[in-house]
Structures are given as C-alpha cells and as structure tokens.
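Here this note's numbering is used: the first residue of the sequence shown is 139, the next is one more, and so on.
Written out below as structure tokens is the structure these notes cover.
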Amino acid sequence: MKYFLSLLSMLLLCLISAELAAQNELQVKAPNGNVLLEVREEGVIVKKVTTAERTGFSLTTTDKGLLVYDADLSAFFTWNGTQWKQIDGPDMADADKDTKIQVEKNTDEDMIRFDAAGDEQLLVAPGQVSVHSDFKAGRTYTGPVTLNASIYGTGFVVSSSTEPDWQSFTATAAGKVHSLQLTFGGPSQTYTISLYEGEGVGGNLLTTKSFTSPGGNTSMQISISDEIILAPGAKYTVGFSSRQDIGYYFNVSPDGRAGSNPNADYFVRVYTYGEKYGVNVVDGTLNI
139 MKYFLSLLSM LLLCLISAEL AAQNELQVKA PNGNVLLEVR EEGVIVKKVT TAERTGFSLT
199 TTDKGLLVYD ADLSAFFTWN GTQWKQIDGP DMADADKDTK IQVEKNTDED MIRFDAAGDE
259 QLLVAPGQVS VHSDFKAGRT YTGPVTLNAS IYGTGFVVSS STEPDWQSFT ATAAGKVHSL
319 QLTFGGPSQT YTISLYEGEG VGGNLLTTKS FTSPGGNTSM QISISDEIIL APGAKYTVGF
379 SSRQDIGYYF NVSPDGRAGS NPNADYFVRV YTYGEKYGVN VVDGTLNI
C-alpha cells in the first residue's frame with residue numbers, strides 16, 4: 139500500500155511539473171510569416187525593422203494587429219489592416235511624419251512646435267507664441283512691406299526714345315518681392331517690365347508684367363504676385379519694353395546702373411515682404 143501511494147505521489151508531481159513547464163512555452167498555431175517574436179529572460183523583443191522595410195511589407199487585412207519596432211524612428215507601429223499607425227512617442231504625427239506636433243525637438247527646450255507639410259508653422263514657448271510663414275510656394279505672406287532697394291534721386295528727366303532699356307539694382311536684404319515703383323513724366327501708355335537675375339537682361343528671367351502708366355509726373359507701384367525671393371547683396375535688373383517717359387537722373391548710384399548709360403539711373407524702388415513674419419505675444423503684449 140505504501141509503495142502504491144509513493145508511486146501515485148510521484149505521478150502527480152510529474153503531472154504538475156509538466157503543467158508548470160507548459161506555462162513557460164508559446165503555443166503557435168498556423169503562424170504568420172510576417173511575425174517574429176524573441177523571448178528572453180529579461181523580456182520580449184518584437185520584430186525590429188527599418189522604415190524602408192516596414193513600408194515595404196506586403197500586408198493585408200489578415201495581418202491586422204502586427205506590431206513592429208521601427209529602429210529608424212525609434213517608435214512602435216501597428217498594422218490596422220490598411221495602414222501603419224504609430225502607437226508611442228511624444229509626438230503626434232501623420233503617416234509620413236511631415237505634419238506633427240513636437241514637444242522635445244531639442245533636449246529640454248520647453249517648447250511646442252506645430253509642423254505642417256514639413257515646415258514649422260507655430261511655435262509655443264514660455265511667454266511667447268509665434269506664427270511663421272516661410273518662403274515656399276503656396277504660403278500666405280503677412281507683415282509690413284519694406285523698402286528693399288532704391289535707385290532714387292531728386293528731380294528727373296525723361297527720354298522720348300521708344301527703345302527698350304533696363305536698370306540694375308542691389309538687394310539690401312532677403313525678401314519676397316511685393317512691388318516695383320517707377321516714376322513717369324508723360325502721357326499714359328502701356329509698358330511691359332521684366333525682372334532678371336544679375337545685371338543686364340541676359341540673366342535668368344524671373345517675371346514679366348504689363349501695365350498702363352497713370353500719366354503726368356507721378357510715381358506708380360506695380361504689384362508682383364510671383365514667388366520671387368531676393369538674395370541679400372545680389373544684383374537684379376528691371377527691364378523696360380520702352381524707356382519713353384520713364385524718369386531717370388545722373389546722380390550715379392553705386393547699387394546699379396541704366397543699361398543705355400552707365401552714368402545714369404532710372405528711378406526704381408523695390409518693395410519686399412520681410413524674411414519671416416508672424417504674430418508674437420511677449421509678456422502678455424501682442425506685437426505684430
């Protein structure tokens with residue numbers, strides 16, 4: 139009887155040990171070929187991939203719930219059946235990470251940055267809120283219009299010649315062109331002006347615009363809607379379809395020259411938007 143009880147006890151111990159051992163194993167039925175899991179004493183490691191590998195997987199709805207670690211972005215991603223979704227990290231971002239909210243772009247900077255299409259649009263910092271508009275196609279430019287370059291004097295003469303001519307100028311700062319100002323001294327007529335890079339009309343053509351002068355001895359600003367950014371210290375040229383009745387003078391400017399006479403200058407003013415403008419709140423005061 140004692141022998142039977144001992145044998146029964148040993149059998150029960152073996153069954154219990156087998157059950158406990160089974161709790162340390164992973165039972166996988168019909169495994170998914172896209173899945174890889176590494177189990178260690180220290181913890182569990184999910185499949186580690188690069189961004190290129192992750193976005194290059196051929197996944198379907200049957201892979202829904204797949205979890206990977208993107209080593210390039212230092213973030214976990216899960217497949218929801220149609221696309222990848224980031225499930226961790228301090229940033230909120232879209233699928234391609236170019237529109238996002240950043241709270242730690244630089245170590246311990248205590249700022250919140252709002253990016254759209256790859257560009258920072260809003261910055262929130264202690265005591266300050268800044269809205270930015272960068273020089274990119276499609277941006278809306280705000281802020282004051284400033285005088286960027288001026289070839290101007292007192293008193294002027296005009297020519298009766300209908301020959302084309304040009305006036306070069308030097309940009310004093312970076313800025314998006316807002317308008318060009320010319321002075322006229324004759325009856326109203328139609329002109330075409332062109333803006334070129336460099337001195338003279340042989341450089342890269344930036345824009346062309348036709349307009350009608352107001353008539354009389356007066357100045358006129360011609361608005362420029364194209365996306366033209368002037369580089370500080372660079373030379374540019376305004377070309378005229380006709381120099382007739384466009385005011386000029388002989389006080390030579392070191393920042394440019396007339397095409398037909400290096401000792402003369404046409405009256406030209408260039409207005410630009412500043413490099414960046416926004417709304418800033420500093421110490422509770424709104425500065426625009």
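Note that beta-carbon positions come from the ideal geometry of N, C-alpha and C, so glycine has one too.
Option nearest residue i by Cα separation, candidates the options
| i | options | result |
| --- | --- | --- |
| Leu461 | Thr193, Lys202 and Glu301 | The structure shown has nothing for residue 461, since the chain only spans 139 to 426. |
| Thr237 | Lys223, Asp253 and Arg381 | Asp253 |
| Gly377 | Ser361, Val406, Thr350 and Val390 | Val406 |
| Ser380 | Ser398, Asn401, Thr300 and Asp403 | Thr300 |
| Pro370 | Phe388, Phe322 and Gly336 | Gly336 |
| Pro400 | Trp304, Val408, Ile225 and Asp234 | Trp304 |
| Asn244 | Asn218, Thr330, Ala263 and Ser351 | Ala263 |
| Thr200 | Asn218, Thr330, Ser398 and Met230 | Asn218 |
| Val408 | Tyr290, Trp222 and Ile239 | Tyr290 |
Rounded straight-line distance, which links the Cα of residue j to that of residue i
| i | j | result |
| --- | --- | --- |
| Thr220 | Thr198 | 7 Å |
| Gly203 | Glu247 | 35 Å |
| Ile366 | Phe214 | 42 Å |
| Pro302 | Thr310 | 26 Å |
| His316 | Ala396 | 22 Å |
| Ser363 | Ile250 | 33 Å |
| Thr188 | Asp257 | 24 Å |
| Thr278 | Gly181 | Residue confidence for Thr278 is low, a pLDDT of 45 falling below 50, so the modelled location carries little weight; the figure read from the coordinates is stated next. Thr278 and Gly181: Cα-Cα distance of roughly 51 Å. |
| Val339 | Phe195 | 53 Å |
| Ala255 | Tyr334 | 30 Å |
| Phe294 | Gln382 | 13 Å |
| Ala402 | Thr375 | 14 Å |
| Thr111 | Ser332 | The first residue shown for the chain is 139 and the last is 426, placing residue 111 beyond what the model contains. |
| Thr216 | Ser361 | 51 Å |
| Lys235 | Leu261 | 18 Å |
| Ser351 | Leu318 | 13 Å |
| Ile183 | Ala231 | 25 Å |
| Val390 | Asn355 | 21 Å |
| Ser398 | Tyr404 | 10 Å |
| Ile225 | Gln259 | 24 Å |
| Ile239 | Trp222 | 18 Å |
| Tyr387 | Ala312 | 27 Å |
| Gly341 | Ala190 | 42 Å |
Bridge-paired residues (DSSP) for residue i
| i | result |
| --- | --- |
| Glu258 | Asp253 |
| Asp303 | Phe378 |
| Thr284 | Thr410 |
| Asp403 | Tyr387 |
| Glu335 | Tyr374 |
| Leu205 | Thr216 |
| Ala231 | Lys238 |
| Asn355 | Gly323 |
| Gly313 | Leu368 |
| Ile289 | Val406 |
| Gln224 | Phe215 |
Cβ-Cβ distance between residue i and residue j below 8 Å
| i | j | result |
| --- | --- | --- |
| Leu320 | Ser357 | yes |
| Ser297 | Thr328 | no |
| Leu368 | Thr410 | yes |
| Gly353 | Pro325 | yes |
| Lys373 | Thr308 | yes |
| Gly394 | Gly323 | no |
Counted within 10 angstroms of its Cβ, other Cβ atoms place residue i as buried (16 or more) or exposed
| i | result |
| --- | --- |
| Val241 | exposed |
| Leu205 | exposed |
| Asn286 | buried |
| Gln359 | exposed |
| Ser306 | buried |
| Asp208 | buried |
| Lys186 | exposed |
| Lys314 | buried |
| Lys274 | Any reading at Lys274 must be qualified, since the residue scores a pLDDT of 38, below 50, and its modelled position is unreliable; the value itself is stated next. Burial call: exposed. |
| Thr330 | exposed |
heavy atom of the ligand GDP below 7 Å from residue i C-beta
| i | result |
| --- | --- |
| Tyr386 | Absence of the ligand GDP is noted for the structure shown, with no ligands found whatsoever. |
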